[in-house]
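For reference, the structure is listed below as structure tokens.
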Amino acid sequence: MIDALLAQLRSRDPSICLALAALVRSADAEGATPFGTAAVAYREDYLGAMRRAAGDAAGPDPGTLSVDDVRRHLATSVLPRLATEGIIADPGRGWDDQSAVRFRPEAWTAIAADREAARQLLLEAAWQGMVTHDTGEHAAPSAA
């Protein structure tokens, strides 16, 4: 499932892969993590990916991205898309610091088989997406 998921997500917003990587990193054995913990993990992964994408250039100033900004972005944009894709469960009332972000059982089963490999693949896909976005490159269309 992770290969099919990555194939689907590679050409899209790197935020999706970064969010999944953060969730994989912080999830408990059942595939759930507190929303606030997920936001902190996402911020750390985002800044790391930005530093890597910047290469020798100065990376982002960590002070320019607040955890509140990340929470807002995750709650209003990224997590709803993951729920629509059927990767995480929709809590029905949105996400806040009291809610948990939960992988859907079938997604978690596939990811939990090798969490670290899945996380590294997601981070790599996010980084590639950032580089492609920054350079104006586009992924080659697949043959139909």
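Residues in the sequence shown are numbered from 0 upward in steps of one, following this note's numbering. Ideal Cβ positions, reconstructed from N, Cα and C, are used throughout, including at glycine. As the structure is a prediction and not an experimental result, all values here were calculated from the model.
Check: What did DSSP end up calling Arg101 once you bin it into helix, strand or coil?
Finding: strand
Notebook entry, point to check: Among Thr36, Asp12 and Gln7, which residue has its Cα nearest to the Cα of Gly128?
Noted result: Asp12
Check: Smallest Cα separation from Arg70: which of Pro33, Val23, Glu123 and Asp113?
Finding: Pro33
Item checked: Cβ neighbours of Ala52 in the same chain (closer than 7 Å, five flanking residues each side left out) -> Trp126, Met129, Val130 and Asp133
Item checked: When Asp68, Gln119 and Gly54 are compared against Ala38, the one with the closest alpha-carbon -> Asp68
Check: Does the Cβ of Gly85 have 16 or more other Cβ atoms within 10 Å, making it buried, or fewer, making it exposed?
Finding: exposed
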